[in-house]
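Trainee:
Residue numbers (the working numbering), protein chains in the order written: chain B, 1 to 254; chain W, 1001 to 1337.
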């Protein structure tokens, strides 16, 4: 299955954020979206999620315009992992994950026994089953990120879209989330994530999409797209490349 | 760390029972618990109570309607407050927001001004409440901003203040000897005029609004997430928000038409209920209804017994509610629950 946007103009009514964007994501692959702040990453993400209507061009899911899907039908195929937030009310972790099952129930239904099973296995997959009865407001930032990943998985989607999944995490949890993103692709999901760190894209993504001031700078396999020249053009800042004896590459800013 | 909801519900039910007993037995004409039980058992079984005629009339005719009205008004305001707090993801809002209370109040004072009957006054209050909320909603959603919730709340404050000016104008024009005292007393909140005839027009809308909210309980959990997240989870937030606001406004208008403006109940009781049973709306709505009924029964009994003259309910709820709320705020920095 494929989620794609062709000749997209993105933004809000009366305010164009980006133009002429071509982006595609297949199931089983990871696409990283990179670029400076204010360049349109989040707007592109929301357009591909169907939360924003493209100003021009169209987003297609499995060949069909995204706008033709019902809001529930879309939620059964594409899941969204927002940036970690604290939340207003102290729902339990289990309740938060069960919210991922909403699109599988009817308007008036409560989560079923099957929904509880799906939620429990999603929690188990990310190793946080022991948190199930803790209030979501009282766990750590890294744990919250995993809970939101579990909620996305409980949606049983084909695509998972993550907004800066590593932004508020410590070093160890960043690695853990990157590994989970790879594992999600290995289990057949198409994953799209935004990041400020090209090394995360290098480590977890198959392809990268470089976006600056609403314009597509480059798109392609990470090994081709992520290099000193492209990154310096993308961020308008010096970048240093480090290569170890085994040939692994990393980038350092400045 | 989760708590079973049972102890919380038990506390809420205990408050309601305490409120019922207190309201039936305390007053200018004291009734003993034994007499209350005798009369209620006799009514249920159809037998003779053996209690005096006066006791029976105090329980059935004088206090009965008022007790039922107080329980329903308290439940209605608490349920509406619970819904609004969840919907606006803000534990500090209440039915007064969105102009629901002031719209209903304007409708009702217009009815009193033209010396209309009880049913017409009720209908005008409903119309006023729904009109106010519709106006707030339409103005709020016409403004395209990044923060529609904040705009909606601010619009509610502005429209509410305009409606308050309308109420002021009607009071200014009212007959200062006959109408004005009635309007003023009613606007401050009172159940002293509640009669058996008021119960059905109160029960119908409160039951309908509460049923809708209970039916939508799971979606209301999801609606308390940020808007885009709720949509990405498959919830049509627009129509659902209209349904929830309409249901909560219905219960608010019905209670305003019966008892005037009683502030703070819709703000304080949802907090207490959340502390008892947690934030899941499936438990929270019934718990808030039970607790709100008991809470207002206790306050209404105080209102008619602590002084020689009856104290308006709105004044008592404010006197009790304000310090309680400030205390809540100081503790709440740790945890909303």
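Where is the CB? At the ideal position from N, CA and C, for every residue including glycine. Please read all numbers here as calculations on a predicted model, not as lab measurements.
Report all residues from its chain with a CB closer than 8 Å to the CB of residue 27 of chain B; omit the five preceding and five following residues, and keep chain order.
Mentor: Counting only Cβ-Cβ distances below 8 Å, and skipping sequence neighbours, we find 1, 2, 158, 159, 188, 189 and 190.
Trainee: If you measure between the beta carbons of residue 123 of chain B and residue 84 of chain B, is that distance less than 9 Å?
Mentor: In this structure, the beta-carbon distance from residue 123 of chain B to residue 84 of chain B does not fall below 9 Å.
Trainee: Go ahead and label residue 117 of chain B buried or exposed: buried means 16 or more other beta carbons lie within 10 angstroms of its beta carbon, across all protein chains shown.
Mentor: exposed
Trainee: Taking just the CA atoms, how far does residue 1212 of chain W sit from residue 1204 of chain W?
Mentor: For the pair residue 1204 of chain W and residue 1212 of chain W, the Cα-to-Cα distance works out to about 12 Å.
Trainee: Return helix, strand or coil for residue 1001 of chain W, following the three-state DSSP convention.
Mentor: A caution first: residue 1001 of chain W carries a pLDDT of 35, below 50, which makes its placement in the model unreliable, though a value can still be read off. Assignment of residue 1001 of chain W by DSSP, reduced to helix, strand and coil, places it in the coil class.
Trainee: Using a C-beta to C-beta distance shorter than 9 Å, which residues of chain B count as neighbours of residue 1175 of chain W?
Mentor: Those do not exist, as residue 1175 of chain W stays about 47 Å from chain B at its closest Cβ, beyond 9 Å.
Trainee: If we ignore side chains and look at the alpha-carbon of each, how far apart do residue 1233 of chain W and residue 1070 of chain W end up?
Mentor: 39 Å
Trainee: Cutting at 6 Å between CB atoms, please list the residues of its own chain near residue 1262 of chain W, excluding the five before and the five after it.
Mentor: 1189, 1313, 1314 and 1317
Trainee: Considering residue 43 of chain B, what are the terminal residues of the alpha helix (DSSP H) in which it resides?
Mentor: 41-48
Trainee: Which whole-angstrom value describes the C-beta separation of residue 76 of chain B and residue 104 of chain B, a residue pair presumed to lie in contact below a C-beta threshold of 8 Å?
Mentor: 7 Å
Trainee: For a contact meaning CB atoms closer than 8 Å, what does residue 1216 of chain W contact in chain B?
Mentor: 107 and 108
Trainee: With 8 Å as the C-beta to C-beta threshold (strictly closer), list the residues of the segment 32-49 of chain B near chain W in chain order.
Mentor: Shown in chain order are the members of the segment 32-49 of chain B whose Cβ falls below 8 Å from a Cβ of chain W: 46 and 49.
Trainee: For a contact defined as C-beta to C-beta under 9 Å, what are the partners of residue 1268 of chain W on chain B?
Mentor: Those do not exist, as residue 1268 of chain W stays about 17 Å from chain B at its closest Cβ, beyond 9 Å.
Trainee: With residue 1033 of chain W and residue 1021 of chain W assumed to form a contact (beta carbons below 8 Å), what rounded beta-carbon distance in angstroms separates them?
Mentor: 7 Å
Trainee: Which residues, in chain order, does the segment 1217-1232 of chain W contribute to contact with chain B at a C-beta distance below 8 Å?
Mentor: 1217, 1218, 1219, 1221, 1222, 1224, 1225, 1226, 1228, 1229, 1231 and 1232
Trainee: How is residue 74 of chain B classed by DSSP in three states: helix, strand or coil?
Mentor: helix
Trainee: Taking the Cβ atom as the reference point for each residue, do residue 1242 of chain W and residue 1153 of chain W lie within a distance shorter than 9 Å?
Mentor: Not in contact: residue 1242 of chain W and residue 1153 of chain W (Cβ atoms no closer than 9 Å).
Trainee: Find the residues of chain W that neighbour residue 103 of chain B, judging by a C-beta separation of less than 7 Å, and give them in chain order.
Mentor: 1233 and 1234
Trainee: Of all the alpha helix (DSSP H) runs that stay within the bounds of the segment 157-232 of chain B, which reach a length of 4 or more residues?
Mentor: 171-186, 198-204 and 222-225
Trainee: When the distance is taken between beta carbons, is residue 1050 of chain W closer than 9 Å to residue 1038 of chain W?
Mentor: yes
Trainee: Let's test the definition: count the other Cβ atoms within 10 Å of the Cβ of residue 1350 of chain W and tell me whether it reaches 16, buried, or not, exposed.
Mentor: There is no way to answer for residue 1350 of chain W, as the model of chain W reaches only from 1001 to 1337.
Trainee: Would you list the one or two residues that DSSP bridges to residue 31 of chain B?
Mentor: B:192 and B:207
Trainee: When you compare the segment 53-66 of chain B with the segment 244-252 of chain B, are there three or more beta-carbon pairs, one atom per stretch, that lie closer than 8 Å?
Mentor: no
Trainee: Does DSSP classify residue 85 of chain B as helix, strand or coil?
Mentor: coil
Trainee: Which residues in the same chain as residue 237 of chain B place their Cβ atom closer than 8 Å to its Cβ, once the five residues preceding and following it in sequence are excluded?
Mentor: 253 and 254
Trainee: Under DSSP, the alpha helix (DSSP H) around residue 1295 of chain W begins and ends at which residues?
Mentor: 1281-1305
Trainee: Exposed or buried, residue 15 of chain B, counting other C-beta atoms within 10 Å across all chains shown (16 or more means buried)?
Mentor: Taking every protein chain shown into account, the CB of residue 15 of chain B has fewer than 16 other CB atoms within 10 angstroms, so this residue is exposed.
Trainee: Please check if any C-beta of chain B sits within less than 9 Å of the C-beta of residue 1274 of chain W.
Mentor: Yes - at least one Cβ of chain B is within 9 Å of the one on residue 1274 of chain W.
Trainee: Using a beta-carbon distance below 9 Å, is residue 95 of chain B in contact with chain W?
Mentor: yes
Trainee: Please report whether the beta-carbon of residue 1286 of chain W lies at a distance below 9 Å from any beta-carbon of chain B.
Mentor: no
Trainee: Compare the C-alpha of residue 1198 of chain W against each of W:1102, W:1254, W:1215 and W:1268 and name the closest.
Mentor: W:1254
Trainee: Which residues in chain B sit within 9 Å of residue 1282 of chain W, going by Cβ to Cβ distance?
Mentor: Within 9 Å Cβ-Cβ: 110.
Trainee: Kindly indicate the opening and closing residues of the beta strand (DSSP E) around residue 57 of chain B.
Mentor: 56-61
Trainee: How would you label residue 1012 of chain W, buried or exposed, when you count the other beta carbons within 10 angstroms and need 16 or more for buried?
Mentor: Per the 10 Å Cβ criterion, buried.
Trainee: Between residue 69 of chain B and residue 178 of chain B, what straight-line distance do the alpha-carbon atoms span, to the nearest angstrom?
Mentor: Approximately 30 Å, taken between the alpha carbons.
Trainee: Taking 9 Å as the CB-CB limit, is residue 1091 of chain W close to chain B?
Mentor: yes
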